[in-house]
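Structure, as structure tokens:
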Amino acid sequence: MREKLKHKILHSTANDFESIAFEVFHYQYLYNRVYRQYVDQLGKKSSTFQSIYEIPCLPIQFFKSHSIKSTDFVPQVIFTSSGTTGQNTSKHFVKEIEWYNSIANSIFKNEYQDPQKIRILALLPSYLEREGSSLVHMANQFIQKNKLESGFYLHNLEELIQKLKAPYAGKTILIGVSFALLELAEKYPLPLHNTIVMETGGMKGRRKELTREELHHILKQGFNVDKIHSEYGMTELMSQSYSKGSGIFEMNSFLKVWIRDTTDPFY
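Start counting the sequence shown at 2; every next residue gets the next number (the working numbering).
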């Protein structure tokens, strides 16, 4: 059942979303003890839901207080959310990391191109500095797939600048957390050619928080580009969304978004 469902998800289109969402819901209701208890406590019968908008979404705080697993397994990877010292963070127990990789690759390929064919320069914490980051894992597995001088650059900005200045025939994505991109744009402003600048958010207490418009304005000036792209993902999710400069994140066949009241899962 699980393998058939995985195959459906990976080869799905936007038109398949509702039917597959119901299959995923019933699978998780059957095999995820925490989620089943949550649905039962709401006093709803899973067989009565007629629309995906009736499916209860598990509150994010459950990922901080419970082990959210469908079936019992030893995870290959545990992704953890960032947080200040002493703060209880979310944990995502990933049964098969290749499943996460497949989804990340599929979304990136649909939005941009095959990650094997694009140079990726990442201003992101390394594994040693941020263990358990799903974002770092995603960037790392993209980088490992290609031989295009891709790599991580966090403290060695001068080396990164030399790479950005050197002639390069292909396309480049410069992806980074906000504070690192700001530092690069302010200390080493330079015009970028055939390069997508992609911010992933996150001042992490390093800088004053800025609105997305303020951040993008500074980065566009520093790199002399027309627009700034954005990536958004969550530790608790298996998928990402991308914005190509408008500030509006585009949904993909793995993900839809709607607003719920945090005190009422059905409103």
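Virtual Cβ for every residue (Gly too), placed ideally from N, Cα, C.
- Here DSSP, grouped into helix, strand and coil, assigns K9 to helix.
- Note: A123 is bridge-paired with F153, I176 in the DSSP secondary-structure output.
- Residue pairing by DSSP places Y243 opposite E232, E251 in a beta bridge.
- Contact between K172 and I119 holds, since their C-beta atoms are separated by about 5 Å, short of 8 Å.
- For P57, the closest of T196, S240, Q38 by C-alpha to C-alpha distance is Q38.
- The residue from Y101, V25, E99 with its alpha-carbon nearest to that of I53 is V25.
- In chain order, Y30, S47, P57 place their CB closer than 8 Å to the CB of V40, counting only its own chain and leaving out the 5 sequence neighbours on each side.
- Residue H230 holds the alpha-carbon nearest to the alpha-carbon of T196 among K148, N111, T236, H230.
- Contact between K164 and E150 holds, with the beta-carbon distance rounding to 7 Å and staying under 8 Å.
- Here M2 carries a coil assignment [DSSP, helix/strand/coil].
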